[in-house]
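S.K.: Respectively, the protein sequence lines represent chains L, H and C.
Following numbering that gives the first Met the number 0, the numbering of the first sequence begins with 0 at its first residue and continues without gaps.
Following numbering that gives the first Met the number 0, the numbering of the second sequence begins with 0 at its first residue and continues without gaps.
Following numbering that gives the first Met the number 0, the numbering of the third sequence begins with 0 at its first residue and continues without gaps.
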Amino acid sequence: MSTTTLAVLVPLLPFLGALTGLLLGRRAPAYVRPLAVLPTLASAALAAAVAVRQGGEGALTGATRLAPTGNDALPVELAFHLDGFAVLVAVLVAAVASCVQIYSTGYLRDDPRYPSYAALVSLFTAAMLLVVYSDDLIVLLVGWEVMGICSYFLVGHYWETAAARSASLKAFLVTKLGDVPFVIGILALASKAGTFRISTIVTRLTSPLSGFELEHPTVIALLLLAGVAGKSAQFPLHTWLPDAMAGPTPVSALIHAATMVAAGVYFVARLLPVFTSSAAALAVLAAMAAVTMVGSALAALAQDDIKRVLAYSTVGQLGYMTGALAVADRGAAVFHLISHGVFKALLFLAAGVLIHAAGTNSLAAMSRTGGLAGRAPDAYWTMTVGLLALAAVPPFAGFFSKEAVLAAAEHAALDPAEGAAHAVPSAVGWAVLLAGLLAAALTAAYAARLWLLAFHGRGFAVPGGSASPGGSAVPGRVGQPVVMNAVLWALAGPTIAVGLLYGALPDWFDGRSLAPTLTTSVLGTGLAAAGIVVMYAAWRHSTATAAARAPLGAVAAHPEAEPAVSEAETIATHRAAYGDIAAADDPADPGRLLLGPLHRHAARGFHLDALYAAVAVRPVLAAARLVRFLDREVVDTYVRGATGTARLLGTAVRRAQTGNVQTYLGLLLAGSLVLAVAAALVAAGA
Amino acid sequence: MHLAYPAVLAVLLFCTGLYGVLARRNAILVLMSVELMLNAVNLNLVAFDVWLRDTLHAGQALTLFTITIAAAEIGIGLAIVLLVYRNRGTSHIDRLRELAETGGTGGTDGTGRPAETDGPTVADATDNPADTRLTRGEATA
Amino acid sequence: MSATVSLAATATATAASTASGTPGFLSPTGVEILFLLVGLLTLGAAITAVTTRQLVHAALWLVVALGGIAVEYLLLSAEFIAWVQVLIYVGAVVVLLLFGLMLTRAPIGRSPDADSGNRPVALAVAVTAAAVLVTVVVDAFRTTWIDLENGAPQGTTDVTGRILFQHWVLPFEALSVLLLAALVGAIVLSRRGDGRNGTGAADGGER
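#1: State yes or no: is the beta carbon of H:A71 nearer than 8 Å to at least one beta carbon in chain C?
#2: Roughly how many whole angstroms lie between the Cα atoms of L:W538 and L:H455?
#3: Check whether the segment 296-304 of chain L and the segment 267-278 of chain L touch, using three or more Cβ-Cβ pairs below 8 Å as the test.
#4: What residues from the segment 91-117 of chain C come within 8 Å of chain L, judged by C-beta to C-beta, listed N to C?
#5: Looking at the strands, I want to know which residues DSSP matches up with L:D135.
#6: Could you check whether H:L35 and H:L12 sit closer than 8 Å to each other, using their CB atoms as the reference points?
#7: On the CB-based measure, 16 or more other CB atoms within 10 Å of its CB, does C:P119 come out buried or exposed?
#8: According to DSSP, is H:Q59 part of a helix, a strand, or is it coil?
#9: Straight-line CA distance for L:L593 to L:F398?
#10: Note down the Cα distance separating C:P152 from C:V136, rounded to an integer number of angstroms.
#11: Output the distance between the C-alpha atoms of H:A70 and H:P5, rounded to the nearest integer angstrom.
#12: By alpha-carbon positions, which one of C:L74, C:R52, C:T156, C:E148 ends up nearest to C:P106?
#13: Alpha carbon to alpha carbon, what distance is there between L:S312 and L:V384?
#14: Identify the continuous alpha helix (DSSP H) that holds H:F13 and give its terminal residues.
#15: Quick check on L:A466: buried or exposed, where buried means 16 or more other Cβ atoms within 10 Å of its Cβ?
#16: Residue ranges of each alpha helix (DSSP H) run of no fewer than 4 residues wholly in the segment 617-654 of chain L, ordered along the chain?
#17: Run through the segment 256-313 of chain L for me and flag every whole alpha helix (DSSP H) of 4 or more residues, listed as ranges in chain order.
#18: Work out the CA separation of L:G684 and H:F47 for me, nearest whole Å.
#19: Answer yes or no: do L:K343 and L:H255 have a C-beta to C-beta separation smaller than 8 Å?
#20: Please work out which residues of its chain come closer than 7 Å, Cβ to Cβ, to H:L8, disregarding the five sequence neighbours upstream and downstream, and give them in chain order.
#21: Do you know how far the Cα of L:R26 is from the Cα of L:T217?
#22: Note down the Cα distance separating L:L668 from C:V124, rounded to an integer number of angstroms.
#23: Against C:T143, what residues of chain H qualify as contacts under a CB-to-CB distance less than 8 Å, listed in chain order?
#24: Looking at chain H, which residues of the segment 50-82 of chain C have a Cβ within less than 7 Å of any of its Cβ atoms?
#25: Under the assumption that C:F79 contacts C:T143 (Cβ atoms under 8 Å), give the Cβ distance between them as a whole number of angstroms.
#26: Could you tell me whether any Cβ in chain L is nearer than 8 Å to the Cβ of H:E34?
#27: If you run the structure through DSSP and keep just helix, strand and coil, what is L:R64?
#28: Compare the C-alpha of H:N38 against each of C:V30, C:V92, C:I32 and name the closest.
#29: Any C-beta of chain H sitting closer than 8 Å to the C-beta of L:V660?
#30: Examine the ligand ATP and report whether any of its heavy atoms sits within less than 7 Å of the Cβ of L:L240.
#31: Have a look at L:V681, L:A327, L:A613, L:S541 and flag the residue whose alpha-carbon is nearest the alpha-carbon of L:P424.
#32: Using 10 angstroms around the beta-carbon of L:R624, count the other beta-carbons present and answer buried if the total reaches 16, otherwise exposed.
#33: Does DSSP put L:Q656 in a helix, in a strand, or in coil?
#34: Indicate whether L:F395 and L:A388 have their beta-carbon atoms separated by less than 8 Å.
#35: According to DSSP, what are the bridge partners of C:A123?
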């Protein structure tokens, strides 16, 4: 098979799997699991084969005309463009999706809605692979929107709980809010560049021979940026992502690690020349990245829900990627995207195991249970690896990719002469560099907080030394499904190893070195270590002083059921048990000690939701009430008036209908008399 | 002779008949008024025929036909009136208000009466065979 | 109505052409005076017939009115029609009406409820119609003159019979079928109960 055929099969297989899964799901439940797992696995294998065959060589493109647009010079084509970025991201997407599918067979093993769930995950994967491979902006948009609707359904999987319902709606609306300018931006870009093909646009922009200058690059870049911010959860439009934690954990892993949020970053990486033609767009991108990195790290410090901590960390890591893009180094951005995809998938899937083992998603409750490491040893070890990667501790994947980003920023900040080719202002480089360093310390701090609270709680700990895997310290807690733990270990390997690819990856990417530089390595690692140490000290302090800590926490009531049940229950009860969907009123929380007065604001995401409520939601509601009032009281009055008049007239006319034929005849003759007089007058010419 | 004389007379007779049709209560008097109107038309036909000196004398021929048709009409009309009188016990046409919607305000006279008169006849028609069958059944038993 | 108006228009046109030789209304001929007097009698009888409270009297006044119209036919030289009028109307129709009154047990003497409550409306409609029609007719035919003295006879039995059986024989035959149908219809309507032994058969059996 040619590489082209293989590449076509990569998005097609999960799509067909989703289709057959949806069609057969109810009738043949036995086929659901193979239909969910096998196409995704095959797709991952094919993606790897495509990557190997492509091997960092020149880009492979292929196209077939899809639909006429009324302008023959501007057709929509089913085109793909396989360069190093595309094939590697595709491998990541397919691999993570396979892990998620396998994990889900254990996680949702008794769920009655599993068939539709698995089919939607497959569809989600197919859409993301389409986005990755596609060379046509319109086809890319199709995949982009399919992901949006799939995320709506998947985040709302536990639709029995109010939180999931509102979270899915919020995810849909917020991303759509970004998609509207995104579509306008795509159309504007295509009409200015004269084609929908991404590779053609990039060639025209970068080739010095063509002399092509994009008109209004800032407007187009900012319009596209709105869609990217919505999809990739950057600063003003990131609020949907923490709330999307109301979905099942594998879905969170899929959305956060490989598919949806990566799409925005990947899109910018593909179209980077469009953004670099406008310094203003780069500045906006950098500001967005800096605010996102620092703000999300602070918010992550205050969260109580373990998954929300990870969600905010995703927002922050995406900030690193957009920061790398702001300094025009897409190699670093995609490198971080890949390594982050691996370790964030690991973290989320491990968190799913933990939530099942602990019966709660609250860090406060976990810190009081104790012995969690003993009950879920696989999750403990793999999560430790993942958190070390997240905190960018040297040998792990996160260290190398983050260093690549910081090095690129440092390069742009200190050496603007070289960056002049891309017209990156040095202020942009400084902003990204400083924010990245600050965020590195904070990231290490919240990773340490999560680890300490989740695995080293004391309180009412039953001695958690029982070494047997799945040995239950809390009576009734059963062990974890084997497939889930197997997936964790399968992901732990790449988490350690993927960073070492920094030497090989430039061949696949633009060729710029991704190796860590000494300055940023020392600075970054030092700051991370400082963050860890400070957090440890604060934890010691708070656990020591808060000796008389109040009992706190609630545990899911069905320990023997499938893991998803525990999660749904714990999501539904979090607000009732802790007073807030995000935070818990826990005096022993070291994050509270460190953040001080900032804690209250950070726990609520710096009141961005309240701001949106005040700016957008309330006016819309008020307008809706106004419309309702106008409809009920004004428009309906006319309708009621019309019916009332008709009824009144009817009553009046009914009185004339007496059944007396003489009356009828008299009226008839009177009428004809009037007509006769009129006719006579007309005939007489009067 | 001036044509205006028979024409005006015809008009006045016609309007008299019109008044009778609209004002009279007894159905037979209404029929009489109809006859007056027909005669007014006949007078017109004859007068114009004479004035125009029609070679076919269409006016006179039509008058003859009208008279004949009026005779037929009065025969049928009287038969209908008699039938109504037999069924409803009245020939007052303002009491025949079947055209009004039932339960309406206007037709209390007309709606009440048919129900009273129709009821027994229908009951008779259905009850009688049943009664005879019953008596026959008793006889055989 | 419009037909009347157009007819009136043509009549006015023809009348205007002969207007010079038309005598005025102020110098009536003897026929006109007779026509007027009989016409007044006819009209009075007709009005009495539709307003009297005695039902049988109404039928009798109708006889007077119909007879008056027969005289008017004679004055218009349509003698055959006049005799037919006397024969059929006065002889047959009124007798039939009197039978009808008798069979519906119409009260002899004054009946207070001879007129319905519709009377004001009827009066208004009739008076208005009369006013409109008289206005139009007089306006159209005030100068039209019927020449009764000169020319061939128009309404003699000879003429009428010839016309009727030369030109109008087919409608005449059709009319005979209509009369037959009316006869059959009247009989069907008058037969009661279709052979059913209704208890009400005795009280209306006169017819």
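Where is the CB? At the ideal position from N, CA and C, for every residue including glycine.
A quick note: this is a predicted structure, and the numbers were derived from the prediction, not measured.
M.R.: Taking the structure as given:
#1: yes
#2: 10 Å
#3: no
#4: S115, N117
#5: L:R196
#6: yes
#7: exposed
#8: helix
#9: 25 Å
#10: 26 Å
#11: 23 Å
#12: C:R52
#13: 16 Å
#14: 3-22
#15: At L:A466, the pLDDT of 35 sits below 50, so the modelled position is not reliable; the number obtained from the coordinates is stated separately. Burial call: exposed.
#16: 617-628
#17: 259-269, 271-275, 278-301
#18: 26 Å
#19: yes
#20: L42
#21: 53 Å
#22: 7 Å
#23: H1, L2, A3, W50
#24: L54, A57, A58, L61, A64, L65, I68, E71, Y72, L75, S76, A77, I80
#25: Contact flag wrong, Cβ pair sits at about 24 Å.
#26: no
#27: strand
#28: C:V92
#29: yes
#30: Looking at this structure, you won't find the ligand ATP or any other ligand, since it has none at all.
#31: L:A327
#32: exposed
#33: coil
#34: yes
#35: Partner(s): none; C:A123 has no beta bridge.
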